[in-house]
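Structure record follows, encoded as structure tokens.
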Ligand code: NAD
């Protein structure tokens, strides 16, 4: 039996995670997936009940779980809590504590969504790439950081972008190995023209490729050019590797090739242990979306496709992963649309109804 800790979190997190949970339960019941699903408290609601954003029971469950299914965090309720309480249980802290250094964000264009996407259909043809975002370092964690008051009364906010050789090589190796299982092309993205951390990033990725991955075609782009290229011709990419903040921003941009931010899944992975297993957290790329939270209209497909990544990367079920991705494709091909992916004139369905459609497609395909 494998244990999945399920943490809905805030905003639309519990809504989309609820549908992903039903999909996991379907695989347990219908495909004999040996999993135990454990729902865990987290966030503003957990704080009200236990005084902690990340209660001890949830921490223990995370440590013991084979994988974590996470919804989203953030929004006004969390922002209203004391700084120390938020810092205690922040998602960034979970990522750091579990050493989840490699964040995989696949970007795939579904032909059924060409009309709904803001890019032209001919630009979307053949789009299938993965952004590997470094998740444990860079400016989100660098010290010193803070807001200080200067002698002249002004305030100054500051953060530090920092990367070491080993941090860069760890994620670059992961991305190079991933490229080897795909089309053999890696694009490394930095800002080496103005940032020393970017110079080091570029040198280290190139050196690792030259020493150990001569079969991989490596290119380099500055992040501003990469943002433009993702919109101009997203099909040119196979694997992109980049740092924490650039990966964060580029993947929201790349979401437009998939039709909506609500379509994107992700996997955050730690180092492999002696048996090859990795700590893993699966979550949609989007946040808590306070503007639509509680309305039952959020797109659950990013969360559901995160379950497909879990099936493939943690649960050792590549055929089930393909079954689920096929069911999502069939659901879209049949015309089911939440509001964010509805082309003009189409009446959208809600979060729960989209989950129902995916489950019905799984029933048909099984
Ligand atoms: P967001 O991703 O929550 O939302 C951006 C826009 O996309 C919103 O208009 C939202 O309605 C829409 N959207 C997002 N997911 C959708 C879905 N599944 N279906 C339909 N529409 C969807 O980003 P934001 O508004 O910048 O941030 C809101 C909060 O989420 C902030 O507190 C932020 O810190 C947090 N956040 C959390 C995570 C995470 O938990 N991993 C990631 C990003 C942002």
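In my numbering, the protein residues as written are 28 to 393.
Virtual Cβ for every residue (Gly too), placed ideally from N, Cα, C.
In the DSSP assignment, the alpha helix (DSSP H) including residue i goes from what residue to what residue?
i           : result
residue 374 : From DSSP, residue 374 is part of no alpha helix (DSSP H); its letter is neither H nor E.
residue 269 : Here residue 269 belongs to no alpha helix (DSSP H); instead the beta strand (DSSP E) covers 266 to 269.
residue 165 : It is not in any alpha helix (DSSP H) - residue 165 carries neither H nor E in the DSSP assignment.
residue 212 : Per DSSP, residue 212 belongs to no alpha helix (DSSP H); it is in the beta strand (DSSP E), 212 to 217.
residue 130 : From DSSP, residue 130 is part of no alpha helix (DSSP H) but of the beta strand (DSSP E) over 129 to 135.
residue 254 : 250 to 259
residue 303 : Neither: residue 303 is in no alpha helix (DSSP H) and is coded neither H nor E.
residue 315 : Note, residue 315: premise wrong, no alpha helix (DSSP H); not H, not E.
residue 76  : 71 to 77
residue 38  : Run containing residue 38: none; DSSP gives neither H nor E here.
residue 110 : 110 to 116
residue 85  : 83 to 91
residue 193 : 192 to 207
residue 145 : It is not in any alpha helix (DSSP H) - residue 145 carries neither H nor E in the DSSP assignment.
residue 103 : 103 to 106
Run through DSSP, which three-state label would residue i get?
i          : result
residue 33 : strand
residue 65 : strand
residue 27 : Outside the shown range of the chain (28 to 393) lies residue 27, about which nothing can therefore be said.
Check for me: the beta strand (DSSP E) holding residue i runs from which residue to which?
i           : result
residue 156 : 155 to 161
residue 175 : 173 to 176
residue 240 : Neither: residue 240 is in no beta strand (DSSP E) and is coded neither H nor E.
residue 183 : 182 to 185
residue 343 : Here residue 343 belongs to no beta strand (DSSP E), and DSSP marks it neither H nor E.
residue 295 : 294 to 296
residue 95  : 94 to 99
Please classify residue i as buried or exposed, where buried requires at least 16 neighbouring CB atoms within 10 angstroms.
i           : result
residue 365 : buried
residue 305 : buried
residue 372 : exposed
residue 255 : exposed
residue 302 : exposed
residue 252 : exposed
residue 76  : exposed
residue 393 : exposed
residue 170 : exposed
residue 261 : buried
residue 240 : buried
residue 206 : buried
residue 63  : exposed
residue 192 : exposed
residue 281 : buried
residue 187 : exposed
residue 185 : exposed
residue 36  : buried
residue 130 : buried
Counting only beta-carbon atoms, is residue i nearer than 8 Å to chain C?
i           : result
residue 103 : Protein chains in the displayed structure number just one, and chain C is not present.
I'd like to know if the region 196 to 212 and the region 170 to 178 are in contact, where contact means that at least 3 CB-CB pairs between them fall below 8 Å. no
Would you be able to state if there are at least three C-beta pairs under 8 Å between the region 260 to 272 and the region 82 to 93? no
Does the region 338 to 358 touch the region 63 to 72, meaning 3 or more C-beta pairs lie closer than 8 Å? Segments in contact, no.
With three or more beta-carbon pairs closer than 8 Å as the criterion, would you say the region 111 to 122 touches the region 314 to 323? By the Cβ criterion, the region 111 to 122 is not in contact with the region 314 to 323, since fewer than three pairs of Cβ atoms, one from each stretch, lie closer than 8 Å.
Do the region 352 to 360 and the region 31 to 49 touch if we need at least three Cβ pairs shorter than 8 Å? no
State whether the region 131 to 145 contacts the region 102 to 117, with contact taken as three or more CB pairs (one from each stretch) at a distance under 8 Å. Taking 8 Å as the limit for Cβ pairs, the verdict is that the region 102 to 117 does not touch the region 131 to 145.
Count Cβ pairs between the region 193 to 200 and the region 231 to 244 that sit closer than 8 Å; are there 3 or more? yes
For the 8 Å Cβ check, are there 3 or more pairs between the region 292 to 302 and the region 145 to 152? no
Quick check: the region 307 to 318 against the region 89 to 106, are at least 3 beta-carbon pairs closer than 8 Å? Segments in contact, yes.
Would you check if there are 3 or more beta carbon pairs closer than 8 Å linking the region 212 to 228 to the region 238 to 246? By the criterion of at least three beta-carbon pairs nearer than 8 Å, the region 212 to 228 is in contact with the region 238 to 246.
Are the region 327 to 335 and the region 277 to 292 touching by the rule of at least three beta carbon pairs closer than 8 Å? yes
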